[in-house]
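According to full-length UniProt numbering, the sequence shown holds residues 1 to 280 in order.
Backbone N, C-alpha and C define an ideal beta-carbon position, used for all residues, glycine too.
Scroll down for the structure; my scribbles are underneath it.
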Amino acid sequence: MYTRYCRSMLCTPATAVGRYANCHRSGADICLVDLEDSVAPQDKAEARLRASAFFTGESASGRRCAVRMSMITEPDGMRDLLAMREYPVRPPIVLVPKVESPRDIEIVARLLRPVRPDLELCAVIETPRGVEAAAAIAATSPRLRALIFGSADYASALGAQLRWEPLAQARTRVVNAARAAEVEAIDSPTFQLQDLTALRREAILARDLGFSGKIALHPRQVAVINQVFSPDAASLEAARRVVAAGQRSGQGITTVDGVMVGRPFFEASRRLLDEFDPSG
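Here you go:
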């Protein structure tokens, strides 16, 4: 699926202050500073102090910036929330990790909404319980904008291999839950940082499954992800032909380029043009 909300989200450890500007300048749709897994437990306090600069630095101007907090069920999660309330620029987008119930989202929204009325939340689904509750989580709050699939933690919890095929069913359930609630679905990162061929392959699989974006772990991954999750000129032209055929047929069944098309095709093509080529 194609959408401009978030094709790519580049993750940077909160302790890596020297990488903040590179993240902001990477071309990612959302720049993410991480307080969770990329930060060692003994460094959490320092990380949450440093992360404030991710939102105030000169390179952050005009960028969409987000933070991934620690687990809400752990003390560091609550400390992160209390610290964010005092940041000079409160994070506009917060990723909540290992969400397993709507309550997790409700707690974060209740604590941050008074200081950030336009707050957006993303729920990271990365445990078996989270996958089972994905539909309820997706429908929790109007503040929730996306479900994000976390493959590494999910595979570990399941005892599965961290490959596409063993996790395909869970990905499908996350996408379906997100779309049923009319929120975005964002795929987990590809961990092979040097293998852009593997990244492209996984990004295409994710896009074709219904994900609208993917997490990046290194700036070199951003361009590939953005390209995969953006329609090319041929796709836009094909959408124009389908829309035109629908207009001629009165939305009835017809053929375009030898393919039978009907209302679902017309609607999908119209959405694509509205998002990426309003003039079309």
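Mark SER26 as exposed unless 16 or more other C-beta atoms lie within 10 angstroms of its C-beta, in which case mark it buried. Working through the sequence shown from its first residue, we reach residue 26 at position 26. Taking a 10 Å sphere around the C-beta of SER26, we find 16 or more other C-beta atoms and assign the residue as buried.
Rounded C-alpha distance that separates ILE204 from TRP164: One-based indexing of the sequence shown puts residue 204 at position 204. One-based indexing of the sequence shown puts residue 164 at position 164. CA-CA distance, ILE204 to TRP164, rounds to 12 Å.
Best match in ARG270, TYR2, ALA138 for proximity to ARG240 [C-alpha to C-alpha]: The sequence position of residue 240 within the sequence shown is 240, counting from 1. Proximity to ARG240 across ARG270, TYR2, ALA138 peaks at ARG270, based on C-alpha coordinates.
Short of 8 Å in beta carbon distance, which residues of its chain neighbour SER212, apart from the five on each side in sequence? Order them along the chain. Indexing the sequence shown from 1 puts residue 212 at position 212. For SER212, same chain residues with a beta-carbon under 8 Å away, outside a window of 5 residues either side, are MET1, TYR2, THR3, TYR5, CYS6, ARG7, GLU184, ALA185, ILE186, PHE229 in chain order.
Here's the rule: buried if 16 or more other CB atoms are within 10 angstroms of the residue's CB, otherwise exposed. What is GLY159? Reading the sequence shown from its first residue, position 159 is the one you call residue 159. Exposed is the call here.
Taking the beta strand (DSSP E) that CYS31 belongs to, which residues open and close that run? Along the sequence shown, one-based indexing puts residue 31 at 31. Secondary structure note for CYS31: its beta strand (DSSP E) is the uninterrupted segment 30 to 34.
Range of the contiguous alpha helix (DSSP H) that encloses PHE276: Your numbering for residue 276 matches position 276 in the sequence shown. Start and end: 263 to 276.
Reduced DSSP secondary structure (H/G/I, E/B, other) of GLY213: Numbered from 1 along the sequence shown, position 213 holds the residue referred to as residue 213. The answer is strand: DSSP assigns GLY213 an E or B state.
Could you check which residue in LEU147, CYS122, LEU121 has the C-alpha nearest to that of VAL131? Within the sequence shown, residue 131 is the residue found at index 131, counting from 1. With distances taken between Cα atoms, VAL131 lies closest to LEU147.
Host alpha helix (DSSP H) of ALA157 (start-end): Numbered from 1 along the sequence shown, position 157 holds the residue referred to as residue 157. Run containing ALA157: 151 to 158, per the alpha helix (DSSP H) assignment.
Within the chosen definition, does the stretch 170 to 181 reach the stretch 120 to 139 through at least 3 CB pairs nearer than 8 Å? Three or more Cβ pairs closer than 8 Å define a contact, and the stretch 170 to 181 meets that threshold against the stretch 120 to 139.
Rounded to the nearest angstrom, what separates LEU119 and THR15 at their Cα positions? The sequence position of residue 119 within the sequence shown is 119, counting from 1. The sequence position of residue 15 within the sequence shown is 15, counting from 1. The alpha-carbon atoms of LEU119 and THR15 are separated by roughly 24 Å.
Three Cβ pairs or more, each shorter than 8 Å: is that satisfied between the stretch 59 to 75 and the stretch 251 to 270? Counting C-beta pairs closer than 8 Å gives fewer than three between the stretch 59 to 75 and the stretch 251 to 270, which falls short of the contact rule.
For MET71, which three-state DSSP category applies? One-based indexing of the sequence shown puts residue 71 at position 71. DSSP places MET71 in coil when its eight states are reduced to three.
Quick one: grab the DSSP three-state call for ARG145. Taking the first residue of the sequence shown as 1, we reach residue 145 at position 145. ARG145 falls in the strand class under three-state DSSP.
Could you please give the first and the last residue of the uninterrupted beta strand (DSSP E) stretch that includes SER38? Here residue 38 refers to the residue found at position 38 when the sequence shown is read from its first residue. Where SER38 is concerned, there is no enclosing beta strand (DSSP E), because DSSP gives it neither an H nor an E.
For GLU120, report the span of its beta strand (DSSP E) as first-last. Taking the first residue of the sequence shown as 1, we reach residue 120 at position 120. Counted as a single uninterrupted DSSP element, the beta strand (DSSP E) harbouring GLU120 occupies residues 120 to 125.
Please work out which residues of its chain come closer than 7 Å, Cβ to Cβ, to LEU167, disregarding the five sequence neighbours upstream and downstream, and give them in chain order. On the sequence shown, residue 167 is found 167 positions in, with the first residue counted as 1. Only SER151, TYR154, ALA155, ALA160 meet the Cβ criterion.
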